[in-house]
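S.K.: Encoded as structure tokens, here's the structure I'll be asking about.
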Amino acid sequence: MVQKVLQEWEIDPSQLITKSVIDRGTFGTVFRGIYDGRDVTIKILDWSDDGTKTEAEIASSRTAFTQQVAVWQELNHPNVSKFIGATLGLSQLQIVTDNGRPCGIPSNGCCVVEEYLPAGNLRNYLVKKRRTKLAFKVVIQLALDVVKGLSYLHSHKIVHRDVKPENMLLDKARRVKISEFGVARIEASNPNDMTAETGTLGYMAPEVLRENPYNRKCDIYSFGISLWEIYCCDMPYPDLSFSEVAAGVVGQNFFFCWAILSCSNQRI
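Quick look at the structure:
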């Protein structure tokens with residue numbers, strides 16, 4: 001019998017225990033759970049169990065996934081969420097619903113396990129502070145945490161490509177840890193090899209929206225929008241949709257200084 005050769009990052013899915021659902025989204029479900037005696041976050045990603053993807057598209061997703069976790073497993077920094085392991089095999093997982101009953105496992109998917117951070121993501125924290133705002137020293141602390149994490153990633157030639165408060169987690173000490181490396185990649189030596197429109201509308205740099213060549217500087221633009229959000233506890237141009245903001249950034253040259261001035265007036 002030929003034994004499967006495991007990747008360095010692969011874990012034994014039968015050792016995972018799920019406890020409760022943290023979040024559900026388009027691409028899968030996030031659970032709180034236990035692995036090897038420690039609290040973890042378990043992300044079950046579905047690569048389309050409904051037949052909408054071709055075999056070639058699923059194979060491409062698997063290849064991209066293995067590349068992403070290979071990058072993530074090498075990272076070790078206080079401001080980057082700790083990757084514990086992943087698996088492409090889901091058949092041994094015993095996932096339960098909120099009421100404790102077993103639920104279906106996608107046959108085309110994967111599982112990512114990372115450290116559990118009980119304070120949730122930065123976006124939710126900012127929403128709770130929208131009325132009172134944050135003390136300036138807290139703004140500085142949160143911003144520095146993000147800067148340190150991004151600096152570490154960029155020093156390893158990693159472009160995150162989806163920097164936003166929703167992808168920043170908080171530990172018990174309110175320290176920010178950058179997470180969600182689903183679209184991260186090693187920076188291309190030739191900028192023309194990085195032209196895909198990747199990220200979240202509202203945070204994407206103009207060159208990314210235009211599908212022009214870009215590099216790690218796209219993360220700096222996204223950080224700038226995130227910094228505004230940390231300071232104001234709200235998005236720039238909150239009355240506009242993300243798509244309207246994106247159109248303004250590309251075609252009308254929106255200047256966020258006006259939004260910053262507006263936010264500053266609200267805090268006076």
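Reminder that position 66 of the sequence shown reads as 66 in UniProt numbering, one-by-one numbering, no gaps. A virtual CB, placed ideally from N, CA and C, is assigned to each residue, including glycine.
Quick one: measure Cβ to Cβ for A119 and I230, integer angstroms, because I've assumed they're closer than 8 angstroms.
M.R.: Not quite, the Cβ-Cβ distance comes to about 15 angstroms (not below 8 angstroms), so this is no contact.
S.K.: Can you list, in chain order, the stretches of the alpha helix (DSSP H) that have 4 or more residues and sit fully within the region 126-161?
M.R.: Runs of the alpha helix (DSSP H) inside the region 126-161: 136-155.
S.K.: Assess, as a yes-or-no matter, whether the region 159-171 is touched by the region 62-71 under the definition of 3 or more beta carbon pairs within less than 8 angstroms.
M.R.: No: the two stretches stay apart, fewer than three of their Cβ pairs being nearer than 8 angstroms.
S.K.: So what's T97 in DSSP terms, helix, strand or just coil?
M.R.: Legend: pLDDT at T97 = 49, less than 50; position of this residue unreliable, value from coordinates given subsequently. In the structure shown, T97 sits in coil (DSSP, three-state: anything other than H, G, I, E or B).
S.K.: For the structure I just gave you, are there three or more beta carbon pairs, one from the region 77-90 and one from the region 192-212, closer than 8 angstroms?
M.R.: Verdict: no, contact absent.
S.K.: Does the distance from the C-beta atom of V112 to that of K43 stay below 7 angstroms?
M.R.: Taking 7 angstroms as the Cβ cut-off, V112 and K43 qualify as a contacting pair.
S.K.: Going by the CB atoms, is the gap between K177 and L169 shorter than 7 angstroms?
M.R.: Result yes, Cβ atoms of L169 and K177 sit closer than 7 angstroms.
S.K.: Using the C-alpha atoms, what's the distance from R216 back to A135?
M.R.: Rounded to whole angstroms, A135 to R216 spans 30 angstroms at the Cα level.
S.K.: DSSP three-state label for L169, please.
M.R.: Residue state, collapsed to three classes: strand.
S.K.: Roughly how many angstroms separate the alpha carbons of I22 and L117, rounded to a whole number?
M.R.: I22 and L117: Cα-Cα distance of roughly 11 angstroms.
S.K.: If I measure Cβ to Cβ from R210 and keep anything under 7 angstroms in the same chain, skipping five residues before and after, which residues do I get?
M.R.: Once the five neighbours on either side are set aside, the close Cβ partners of R210 are V250.
S.K.: Using CA atoms only, rank isn't needed, just tell me which of P78, G202 and F181 is closest to G149.
M.R.: Selected option, being the one with the closest Cα: P78.
S.K.: Rounded to whole angstroms, what's the CA-CA distance from F212 to R130? Just pull it up for me.
M.R.: In the sequence under discussion, the amino acid at residue 212 is Asn, which differs from the Phe named in the question. Cα to Cα, N212 sits roughly 35 angstroms from R130.
S.K.: Using a Cβ-Cβ cutoff of less than 7 angstroms, which residues in the same chain neighbour M235 once the five nearest sequence positions on both sides are dropped?
M.R.: Within the same chain, M235 has close Cβ partners G202 and E229.
S.K.: Which residue wins for smallest C-alpha separation from E115, given the options D36, Y214 and S226?
M.R.: Nearest of D36, Y214 and S226 to E115, Cα basis: D36.
S.K.: Spell out the partners DSSP gives G109 in its beta bridges.
M.R.: Its beta-bridge partners are D46.
S.K.: Is the CB-CB distance between G33 and L16 below 7 angstroms?
M.R.: A contact, by the Cβ cut-off of 7 angstroms.
S.K.: Express the C-alpha separation of P191 and E56 in angstroms, rounding to a whole number.
M.R.: Note that residue 56 corresponds to Ala in the displayed sequence, not to Glu. Roughly 27 angstroms separates the two Cα atoms.
S.K.: By Cβ distance, which residues of its chain are closer than 7 angstroms to V138, with the 5 residues on each side in sequence left out?
M.R.: Within the same chain, V138 has no close Cβ partners at all.
S.K.: So the alpha helix (DSSP H) K217 belongs to, where does it begin and stop?
M.R.: Looking at the DSSP string, the run of the alpha helix (DSSP H) that includes K217 is K217 to C232.
S.K.: Between the C-alpha atoms of T41 and F31, what's the straight-line distance to the nearest angstrom?
M.R.: Each residue's alpha carbon lies about 6 angstroms from the other.
S.K.: Just grab the DSSP bridge partners of G33 for me.
M.R.: T18 and V40, per the DSSP bridge assignment.
S.K.: A119 by DSSP, collapsed to three states: which one?
M.R.: Looking at A119 - three-state DSSP - the assignment turns out to be coil, as it is neither helix nor strand.
S.K.: Any heavy atom of the ligand HEM closer than 6 angstroms to the beta-carbon of V139?
M.R.: For the structure depicted, the ligand HEM is absent and the ligand set is empty, with no information on it obtainable.
S.K.: For D239 and D12, I'd like the C-alpha separation in whole angstroms.
M.R.: Their backbone Cα atoms lie some 47 angstroms apart in a straight line.
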